[in-house]
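Just so you know, the protein sequences line up as chains U and X, in that order.
Using my numbering, the letters of the first sequence correspond one by one to residues 1090 to 1283.
Using my numbering, the letters of the second sequence correspond one by one to residues 1090 to 1283.
First the structure, in the form of structure tokens, and then the observations on it.
2 protein chains.
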Amino acid sequence: MPFPMDAKAILKDHIAKIVSLTDEQFDYVFSHFKQQSYKKGQAIISEGDKVDCEYFVLEGCLKSFYINDEVKMFILQFAMPTWWASDYNALYNGGRATISVDCITDSQVLCLNSADREKLCNEIHPVEHFFRWRTNKGYVAAQKRLLSFMNNDARHRYEELMALYPALYNIVPKQLIAAYLGVSRETLSRLYNS
Amino acid sequence: MPFPMDAKAILKDHIAKIVSLTDEQFDYVFSHFKQQSYKKGQAIISEGDKVDCEYFVLEGCLKSFYINDEVKMFILQFAMPTWWASDYNALYNGGRATISVDCITDSQVLCLNSADREKLCNEIHPVEHFFRWRTNKGYVAAQKRLLSFMNNDARHRYEELMALYPALYNIVPKQLIAAYLGVSRETLSRLYNS
DNA sequence: TTTCGAATGTGATGTAGGTCACACAGCAAC
DNA sequence: GTTGCTGTGTGACCTACATCACATTCGAAA
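Set out below in structure tokens:
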């Protein structure tokens, strides 16, 4: 399958869960997205890049991550189909990327330019509503994860993650799961062998 | 000073930094806010409450926090003037509060009902834009804090916090700063005595 | 002024998880 | 096949921080 069944239908479905657009409106919105394929391991946003798009995942799996001075990686998010990813700080504040995004598996995405997003939000009120909803969801999720970090130990966070996204276990190397949980791969390995 | 100089002017200013509203529009928006005073230590949202408002701080300082089974407190946010606070998860998903909000000092706030917020967002496009912007800012901040948790030790996070909000040091008991940093009060105490 | 409670400091000790080291997979390219 | 590279397990340590216990300071109430 060279392409996901139907990029347009997937996005339409996703948006329709939150707001109602007429077919004309949606066609117009969709015309601003650009479909792209990436190979496993390929970078979408690298540290230092100018960031001007956000990415809607159609197929595959992305990660957004930060690498510190000791070259240690921390994963902010795994992005599965119908999730969005970007360096939102750079995207909104116009700076260079500090967060990188790349492909864990071969992936299909739709890119939306930031200027276009703002234009669409401006022109079509429900689109702005959609993006407010989406960002709000991200915000609540980030707060939850923050609390989990303060509250729970590594084993607890591991079990939480597996309960929430059991699919990850098979798709994602454990190294990356460790980088998401904020523990060393050694510790993670010891966690589920006991 | 029984009341902040002018609640209306403060909110107007705050919103005007992001979007332009006509005076009529703003008056209409403002008419949905309810001003309230709280005493130091007073609860605004308690665990288990039905949550239907968010709070804009005019004066004073609030905290939003979570208390776990071992009765240990974790602080999500200190809300200073012109900041917003609530249990956004409960507010948007209609559940009961798991996050509490109370007053660190005597405070003046403006309350906005969630139904009213949605109504205003619907009726006045720029208002929706404002709230998207605000939520986005919160989202980016939460992600930054997450990274800081994964990346930095307690001392680093402490210095980060003090650099960002030096005012906190004088206003807020160190216990609470510890609860924000996610360390014990003892550890925090040892941090800055060395 | 005294008294009481809350907030803070400080020592002794325990532990989760980090780091380093090395071994052993599995898979891709040749 | 063999060479590598990337992922994973496992042991021996080490360190940051938690916890418990008790001392001290400070502010508000009496």
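By construction, the Cβ of each residue, glycine as well, lies at the ideal position given by its N, Cα and C atoms.
For residue j and residue i, the rounded distance between their alpha carbons
i	j	result
X/A1168	U/S1283	42 angstroms
U/Y1228	U/F1238	15 angstroms
U/Q1232	U/R1221	16 angstroms
X/P1255	X/Q1264	16 angstroms
U/K1129	U/L1253	24 angstroms
X/F1119	X/D1205	11 angstroms
U/W1113	X/L1165	Per the sequence shown, residue 1113 of chain U should be read as Glu rather than Trp. Distance between the alpha carbons of U/E1113 and X/L1165: 42 angstroms.
X/C1210	U/F1115	21 angstroms
U/S1175	U/F1219	17 angstroms
U/M1162	X/A1179	32 angstroms
U/L1270	X/A1098	44 angstroms
X/K1139	X/R1185	5 angstroms
U/V1108	U/Y1117	15 angstroms
U/S1153	U/K1208	25 angstroms
U/A1230	U/Y1177	15 angstroms
X/V1160	X/S1273	13 angstroms
U/P1262	U/Q1124	27 angstroms
X/A1268	U/Y1127	43 angstroms
U/P1215	X/P1215	12 angstroms
Below-9 angstroms beta-carbon distance, residue i vs any chain U residue
i	result
X/F1167	no
X/H1218	yes
X/V1146	no
X/H1214	yes
X/K1161	yes
X/G1227	yes
X/G1183	no
X/I1107	no
CB contact check: residue i to chain X, cutoff 9 angstroms
i	result
U/H1103	no
U/T1111	no
U/N1211	yes
U/L1201	no
U/R1336	This structure does not reach residue 1336 of chain U, given that chain U is present from 1090 up to 1283, and the question cannot be answered.
U/A1231	yes
U/Y1177	yes
U/Y1117	no
U/T1224	yes
Test item: CB-CB of residue i and residue j under 9 angstroms
i	j	result
U/I1193	U/Y1155	no
U/I1266	U/L1250	yes
U/L1235	X/L1235	yes
U/Y1258	U/L1280	no
U/S1203	U/D1158	no
U/F1122	U/A1096	yes
X/I1213	X/L1110	yes
U/D1191	U/L1151	yes
X/N1225	U/T1224	yes
U/E1217	X/E1275	no
Residue i Cβ short of 8 angstroms to the ligand ADP heavy atom set
i	result
U/C1142	With respect to the ligand ADP, the structure offers nothing, as it holds no ligand at all.
For the structure I just gave you, are there three or more beta carbon pairs, one from the segment 1136 to 1148 of chain X and one from the segment 1157 to 1172 of chain X, closer than 8 angstroms?
Cβ pair count under 8 angstroms is three or more, so yes.
Pair every Cβ in the segment 1124 to 1134 of chain U with every Cβ in the segment 1236 to 1245 of chain U, then say whether three or more of these pairs are closer than 8 angstroms.
They do not touch, by the three-pair rule.
Pairs of beta-carbons, one from the segment 1195 to 1210 of chain U and one from the segment 1194 to 1207 of chain X, closer than 8 angstroms: are there three or more?
Under the 8 angstroms Cβ criterion, the segment 1195 to 1210 of chain U does not count as touching the segment 1194 to 1207 of chain X, having fewer than three qualifying pairs.
Name the residues in the segment 1258 to 1283 of chain X whose C-beta lies less than 7 angstroms from a C-beta of chain U; which are they?
Flagged, chain order: G1271.
Listed from N- to C-terminal order along the chain, which residues in the segment 1233 to 1257 of chain X have their beta-carbon within a distance smaller than 8 angstroms of any beta-carbon of chain U?
If you check each beta-carbon in the segment 1233 to 1257 of chain X against every beta-carbon of chain U, the ones closer than 8 angstroms belong to K1233, R1234, L1235, L1236, F1238, M1239 and N1240.
With 8 angstroms as the limit, tell me which residues of the segment 1123 to 1155 of chain X have their beta carbon closer than that to any beta carbon of chain U; keep them in chain order.
Residues Y1155.
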